[in-house]
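Only one structure is covered here, and it is reproduced in the block below.
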Amino acid sequence: MRGRLNDGEERPDADLRERLHAMETKVRKMRETRNNFNAQAKVSAEKRNSVQSQYKEHRGKIELLIAEVRAMRAEIKSFKEKRNTIQSQMRDLISQIKGKRKDHNTKRSATAEYADLKQQVDTLEKKFETTSVGINKEKEMVKKIKEFSKRIEELEPEVTKFKMVEVDMSDIDAAIKTLKSEADAAHNEMIQAVERLNEKTPEVDEAFAHRDFLKSEGDRFHTEFVELKEKANDVHAKIEELMVDVNKARDELKSVREERKSWLTDHNAAVAKEMQTGAQSESVADNLAQSLLSKEV
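Mapping to this note's numbering: the sequence shown position 72 is 72, numbers consecutive.
Okay, here's the thing in structure tokens:
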């Protein structure tokens, strides 16, 4: 008959159980930590996505503001060029009065040259139509008209966007006065356009500042998301490493349990066999009968 297990032998897997329990507890806590990191990362991602959505919407507003500002600047430029064109035309007339016309080789503005050539062509055409000249002089006039007309065509694209102020060239003083009035009007329009742009500037600055704020917030939430996901992934990697030891311990414990179960099965079978009566076992009955016969003899 096999002996009974003493107290020390009843739980030979006690240390293994304790070690496995400690590892499983650690894994459970690590999973909670990982899940918390993932939950926080999800919140950061939602905040980031919300801010990025606001950023995209706000960027559309900024694009409209930029288009408006560009239109204002184009308007200012238009008034400025209009004023400069008229002033150039006016200076040209003043030079005529003072007899200070520039030399032929002196560079002049396109608008001034355009006006001068137009005037010369008109003068030549009237003279050609109303005055009787010789053939040579006539050819010379026709040649000049063609040359001037060709140059006028070349200059036309540069001055078409600013229509020359039409004045009565027969009265230069009155023409200069008219041009000065037109130049002053264009200048005032330019000043008003500049004031409108200046009034718009704070709104534009605020829009860009808010854009920068949204971008900064979006970047901050994204950085938080990345950092939290990295922490969650690091913990998850450690969990996987620890689970290798947990599974080994579980397999080892299972093996110990199966071995113990097998031992108990064999032990119980042996005890049961020793406790059998003659009615339960033929060999036991034979032994008892032989013992009784021996006593009678």
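Backbone N, C-alpha and C fix where the C-beta goes; we use that ideal spot for every residue, glycine too.
Computed from a predicted model, the values in this text were never measured in an experiment.
Candidates the options: closest to residue i by CA position
i: Arg31; options: His236, Met243 and Lys254; result: His236
i: Lys248; options: Asp15, Val43, His187 and Leu20; result: Leu20
i: Ala41; options: Met243, Glu154 and Phe225; result: Phe225
i: Asn36; options: Pro202, Asp245 and Lys229; result: Lys229
i: Val376; options: Glu153, Pro157, Ser88 and Ser95; result: Nothing can be reported for residue 376, as the shown portion of the chain is limited to 1 through 297.
i: Glu57; options: Ile145, His210 and Asp116; result: His210
i: Glu24; options: Ser255, Ile239 and Lys254; result: Ile239
i: Ala39; options: Ala185, Ala232 and Ile94; result: Ala232
i: Val299; options: Thr130, Phe208, Glu125 and Pro157; result: Since the first residue of the chain shown is 1 and the last is 297, residue 299 is not available in this structure.
i: Phe148; options: Glu129, Asn136, Thr123 and Ser132; result: Thr123
i: Asp92; options: Lys146, Asp173 and Glu140; result: Asp173
i: Ile206; options: Ile62, Ser181 and Glu140; result: In the sequence under discussion, the amino acid at residue 206 is Glu, which differs from the Ile named in the question. The residue with the shortest Cα to Cα distance from Glu206 is Ile62.
i: Met243; options: Glu18, Val27 and Glu195; result: Val27
i: Tyr55; options: Glu252, Ser255, Phe208 and Glu129; result: Phe208
Residue i classed as buried or exposed, judged by whether at least 16 other C-beta atoms fall within 10 angstroms
i: Val113; result: In the sequence as presented, Val is not what sits at residue 113; that position holds Glu. Under this definition Glu113 is a buried residue.
i: Gln44; result: Correcting the residue type first, residue 44 is Ser in the shown sequence and not Gln. When all chains shown are included, Ser44 counts as buried.
i: Asp15; result: exposed
i: Lys66; result: Residue identity check: residue 66 is Ile in the sequence provided, not Lys. By the 10 Å Cβ count, Ile66 comes out exposed.
i: Phe213; result: exposed
i: Ala22; result: exposed
i: Arg2; result: Reliability of the predicted coordinates at Arg2 is poor, the pLDDT of 43 falling under 50, and the value obtained from them is presented with this limitation in mind. Arg2 should be labelled exposed.
i: Arg34; result: buried
i: Phe64; result: One point to set straight first is that residue 64 is Leu, not Phe, in the sequence displayed. Classification of Leu64: exposed, given that the 10 Å Cβ count is below 16.
Own chain, CB closer than 8 angstroms to residue i, minus 5 neighbours either side, in chain order
i: Arg250; result: Leu20
i: Val69; result: Leu197, Lys200 and Val204
i: Ala193; result: Met72, Glu75, Ile76 and Phe79
i: Glu156; result: Tyr114
Interface flag, residue i vs chain B, CB-CB below 8 angstroms
i: Gln87; result: Absent from the structure is chain B; it holds one protein chain and no more.
7 angstroms CB neighbourhood of residue i in its chain, flanking five on each side removed
i: Lys118; result: Ile152
i: Ala183; result: Arg83, Ile86, Gln87 and Met90
i: Asp116; result: Asp92
i: Ile176; result: Met90, Leu93 and Ile94
i: Glu189; result: Phe79
Residues near residue i in its chain [Cβ-Cβ closer than 6 angstroms; skip 5 each side]
i: Asp103; result: Note that Asp103 has pLDDT 43, beneath the 50 cutoff, so the model's placement of it is unreliable and the number below is only indicative. Cβ neighbours of Asp103 beyond the five flanking positions: none.
i: Gln52; result: Gly218
- Query: Are the region 209–225 and the region 40–54 touching by the rule of at least three beta carbon pairs closer than 8 angstroms?
  - Reply: The answer is yes - the region 40–54 touches the region 209–225, with three or more Cβ pairs under 8 angstroms.
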